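*Asks:* Can you keep this structure in mind? I'll have questions shortly.
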Amino acid sequence: MRTRIALLAVSLCAVTALPAQAATDAHIEGRLPSGATYLMDVPADWNGTVLLYSHGYRASGWPNPAENAPSSETRAELLADGYALIGSSYATTGWAVTDAVPDQLATLDLFTSRFGTARRTLAWGTSYGGLVTTTLAERHADRFDGSLSMCGLVQGGIANWNSTLDPVFALRTLLAPGADIPLTGFADQAAAQNAAQALTAKVTAAQQTPEGRARIALAAALHNIPGHNDPAQPEPAPTDWDAQQANQYAAVTGLLQLPAFSWRQEAEQRAGGNPSWNTGVDYTAMLRRSPLYKEVTELYKEAGASLRADLAALNRAPRISADPAAVRWMRDTSVLTGRLTDPQLNIHTTGDALIPVQAESAYRRATGPDRRLAQAYVDGPGHCTFTTGEMLAALHTLEHRLTTGHWDTSAGALNARARQEEPTTRPRYVTYRPTPYPRPYDLGHPGDGRHR
């Protein structure tokens, strides 16, 4: 192994050498001027491709180390195959796209200054990192040859916060009509957490009655939360509405605990106000478009409750308006255009409750028929619950497209690549087409998010 490397750059770096069995030439850790940390692993037999990894959302107070791969297993496999792996922590936690994008580019600059220009540069990321990756691909296309978004927030920021507002609006309207529980405009984290606790208590009580369970299912349907959304859950039968609703209840309480209140407050603080709204939204029409419509109607029948009356209550309830300046900030920083210069592959699990698979429909709508975008789906519950083989198969599929000029994203081709990478694990790619996203919003169709 070569002697330890001291990286001379504008930032202070800590450099260590990995054990020989890791087969790496350099393991470099350092800090950018922004305060973000970065991590680089470069094999002795580097194949000329560098992968810039963007990690997912981290809330305030969470550990925020730099990452350069989605898992230790993928890191080991890719290093063994000669790939250089780099990534940063981002300077801040939370809705940090305005820090993440420059920090990722700065990390790539440092890599290039030390190791030279790569033969091929790919951006990839998971979850919120899928938004960062796609922002890099759209706005800094000259720096990349292609990109891979895995379970990504590719519906963009405004669509995300609108879609997060809809279920909590339904829960408050139907389960706590007389309670003064704010859903936006929180002064601080304490206010957001108090509101979350108040609404969670109402939802917990409602789960004890058939009518309450039907209403929770209605709220889940507005966010397209699937009835099997966690690998720890038994998979319900297709018409086992009660079991599906029980699984959705678990996801709804998770939505209340973090994204809908705590994470929203942090995003609102950055945006300078509330960037989402439900003025002009027809919840009857939205429910009818949901793939969960049948479940909701059956649960209302079982409960002897009136779905029509509840939808009427939702449609006449006082609405929430956005703050125009906050919408502009979110639009300028966190909304996608759909204009790709280089190929991008998106993969998503079908049973994702945090970023529902319909996010892929939103991005396909933004790009239109652009053949530079390909999308593929893994039949499994949970958020980002891909196997190592499934992720590596997606990466190699993107590389195949760059080499040949043609996509080969059939389920059979992806599964074959996944089996090559991980022979002992059954791959789960399937032919699948998600239903439309409830309220898409992109820079190509800015008026379609309904009225603000």
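The sequence shown runs -22 to -1, 1 to 430 under mature numbering (1 follows the signal peptide of the UniProt record, and there is no 0).
Where a beta carbon is used, it is the ideal one built from N, C-alpha and C, also for glycine.
Just so you know, these numbers come straight off a predicted model, no measurement behind them.
1) Helix, strand or coil: which one does DSSP assign to Tyr271?
2) Taking Cβ positions, are Ala37 and Trp241 nearer each other than 9 Å?
3) Under a three-way DSSP split, which group does Arg417 fall into?
4) For Gln82, name the three-state secondary structure that DSSP assigns.
5) Which word fits Ala137, buried or exposed, when buried means at least 16 other C-beta atoms lie within 10 angstroms of its C-beta?
6) Using the three-state DSSP reduction, which class does Ser105 fall into: helix, strand or coil?
7) With DSSP run on the structure shown, which of helix, strand or coil describes Leu314?
8) The alpha helix (DSSP H) with His378 in it runs from where to where?
9) Which class does Ile203 belong to by DSSP, given the choice of helix, strand or coil?
10) Quick one: Cα of Leu380 to Cα of Leu100, how far?
11) So, under 8 Å CB-CB, Leu109 and Leu131 are touching, yes? Tell me the CB distance rounded to an integer number of Å.
12) Suppose the cutoff is 7 Å on Cβ atoms and the five residues either side in sequence are ignored; what does the same chain contact list for Gln(-2) look like?
13) Between the alpha carbons of Thr182 and Glu280, how many angstroms are there, rounded?
14) So the candidates are Ala69, Glu51, Arg121, Glu55; which of them puts its Cα closest to the Cα of Arg98?
15) Please check the pair Glu399 and Glu55, which I expect to be a contact at CB under 8 Å, by giving their CB distance rounded to whole angstroms.
16) In its own chain, which residues sit with a C-beta less than 8 Å from the C-beta of His423, not counting the 5 before and 5 after it?
17) Go through its chain and collect everything with a Cβ distance to Trp40's Cβ below 8 Å, but skip five positions before and after it.
18) Near Gly34, which residues of its chain fall below 6 Å by C-beta distance, leaving aside the five closest residues on each side in sequence?
19) Under 8 Å: do the region 165 to 180 and the region 231 to 245 share three or more Cβ pairs, one atom per stretch?
20) Taking the C-alpha atoms as reference points, what is the distance between Leu152 and Leu292?
21) Nearest CA to the CA of Thr178: which residue from Leu318, Val230, Pro334, Ala224?
22) For Trp73, which residues from the same chain have a beta carbon less than 7 Å from its beta carbon, with the 5 sequence-adjacent residues on both sides left out?
23) What is the rounded straight-line gap between the Cα of Phe89 and the Cα of Met18?
24) What's the gap between the Cα of Met286 and the Cα of Leu196?
25) As a quick exercise: from Ser66, Leu126, Leu200, Ala337, pick the residue whose alpha carbon is nearest that of Phe147.
26) For Tyr337, which of Met264, Ser312, Gly134, Tyr278 has the nearest alpha-carbon?
27) Run the CB neighbour count on Ser91, radius 10 Å, all protein chains shown included, and call it buried at 16 or more, exposed below.
28) In chain order, what residues of the same chain lie with their CB nearer than 7 Å to the CB of Gln211, ignoring the 5 residues before and after it?
29) Please state if the CB of Leu270 and the CB of Gly190 are separated by a distance shorter than 9 Å.
30) Measure from the alpha carbon of Ala198 to the alpha carbon of each residue in Leu314, Ile333, His326, then state which is nearest.
31) Going by C-alpha to C-alpha distance, which of Thr27, Trp24, Pro43 sits closest to Thr15?
32) Could you tell me if Ala396 is buried or exposed, where buried requires 16 or more neighbouring beta carbons within 10 angstroms of its beta carbon?
33) Which runs of the alpha helix (DSSP H), 4 residues or longer, sit entirely within the region 323 to 357?
34) Does the region 151 to 165 come within contact of the region 358 to 373, defined as at least 3 CB pairs closer than 8 Å?
35) Assuming Thr112 and Gln322 make a contact with CB atoms under 8 Å, what is their CB distance in whole Å?
36) Starting from Tyr227 and walking both ways along the alpha helix (DSSP H), at which residues does that stretch end?
*Replies:* According to the data block:
1) helix
2) yes
3) coil
4) helix
5) buried
6) coil
7) coil
8) 366 to 382
9) coil
10) 10 Å
11) 4 Å
12) Unreliable positioning characterises Gln(-2) in this predicted model, as indicated by a pLDDT of 33, which lies under 50. The coordinate reading is nonetheless provided below. No residues qualify anywhere along the chain.
13) 19 Å
14) Arg121
15) 7 Å
16) Arg343, Ala344
17) Thr71
18) Thr104, Ser105, Tyr106, Gly107
19) yes
20) 8 Å
21) Val230
22) Glu244, Ala245, Arg248
23) 8 Å
24) With the sequence shown as reference, residue 286 is identified as Arg, and Met is not the correct amino acid for it. Cα to Cα, the separation comes out at about 12 Å.
25) Leu200
26) It is worth fixing the name first, because residue 337 is Ala in this sequence and not Tyr. Closest by alpha carbon: Gly134.
27) exposed
28) Asn225, Pro359
29) no
30) Ile333
31) Pro43
32) buried
33) 337 to 345
34) no
35) 7 Å
36) 219 to 235
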